[in-house]
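Chains as they are written, first to last, in my numbering: chain S, 225 to 363; chain H, 2 to 130.
Worksheet: the structure to be examined is printed underneath.
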């Protein structure tokens, strides 16, 4: 950033700045929905804290399968929770890899490597989205 | 970057930024930690599901270990609470006048929530859960 003029409209930095904040608040909301849902499905008597945490962070039925919870498939794996997981993955992976980009560029600045680093982070972002989406849809 | 920031590690550690600096550096560390740990967890879950790999299964067994969950809970809880404060203060900039007070409030909320989490995880871990 040699000449830091105020840019009109949207730039990558500005839109990602906004996105980071909104997606962060969104993920807190998703976590609250997850923990509330777990309690509605009987977490108070059926779950230990570790399992509850796993469901809060990512409401995937595989996350609670090793715990002594009866009928893991019932209620724990529905279209609603799949939508919640998809939202969490899209927000989380994007938030995380953009954060990685910000931290790296904070230390490297404007160098000749920047487009390559951005490209690599973009590929990792896409790869993780596909892998995580596959885990959700196949479980 | 127009700013010359050639600062060594020792100089950096001696910089007295106080609680906002600690929160900033912890936010970075916890964010990168979450990215790495959750990234490997997603990969391990994928291979556990698709190929039944022993390595992937063992990685996920580590993720369910109580001592590991104490670390994860710190990273996620701190990142969520600090991120919430940053987001709220950025969206309502007038509240940045009270950044230090907000940080104190944040630690006051963090301490009992994380303390209870650690207590129950340790209790369960030691009783052979």
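By construction, the Cβ of each residue, glycine as well, lies at the ideal position given by its N, Cα and C atoms.
Computed from a prediction, not measured in an experiment: that's the story for all the values here.
Run of the alpha helix (DSSP H) containing residue i, from where it starts to where it stops
i, result
"residue 372/S", "As displayed, chain S neither begins before 225 nor continues past 363, which places residue 372/S out of reach and without an answer."
"residue 108/H", "100 to 127"
"residue 260/S", "236 to 264"
"residue 272/S", "Looking at the DSSP string, residue 272/S is not in any alpha helix (DSSP H), and its letter there is neither H nor E."
"residue 70/H", "67 to 92"
Identity of the residue in the options nearest residue i by Cα
i, options, result
"residue 33/H", "270/S, 328/S, 245/S", "328/S"
"residue 126/H", "13/H, 20/H, 70/H", "70/H"
Any C-beta of chain H under 8 Å from that of residue i
i, result
"residue 312/S", "no"
"residue 320/S", "yes"
"residue 347/S", "no"
"residue 359/S", "yes"
"residue 288/S", "no"
"residue 240/S", "no"
Under 9 Å from the C-beta of residue i: neighbouring residues of chain S
i, result
"residue 97/H", "Under the 9 Å cutoff, chain S gives no residues; its nearest Cβ is about 14 Å from residue 97/H."
"residue 118/H", "273, 277"
Buried/exposed call for residue i, threshold 16 Cβ in 10 Å
i, result
"residue 31/H", "buried"
"residue 72/H", "exposed"
"residue 82/H", "buried"
"residue 116/H", "exposed"
"residue 113/H", "exposed"
Neighbour flag for residue i against chain S, beta carbons, 8 Å
i, result
"residue 52/H", "no"
"residue 91/H", "yes"
"residue 15/H", "no"
"residue 46/H", "yes"
Contacts that residue i makes with chain H (C-beta to C-beta distance below 7 Å)
i, result
"residue 281/S", "77"
"residue 245/S", "88, 91, 92"
Closer than 7 Å: residue i CB and nearest the ligand ADP heavy atom
i, result
"residue 343/S", "Ligands are entirely absent from the displayed structure, and the ligand ADP is therefore not among its contents."
8 Å Cβ cut-off: residues of chain H touching residue i
i, result
"residue 355/S", "43, 44, 47"
Under 7 Å by beta carbon: chain S residues contacting residue i
i, result
"residue 67/H", "274"
Partners in chain H for residue i, counting only beta-carbon separations shorter than 9 Å
i, result
"residue 249/S", "84, 85, 88, 89, 92"
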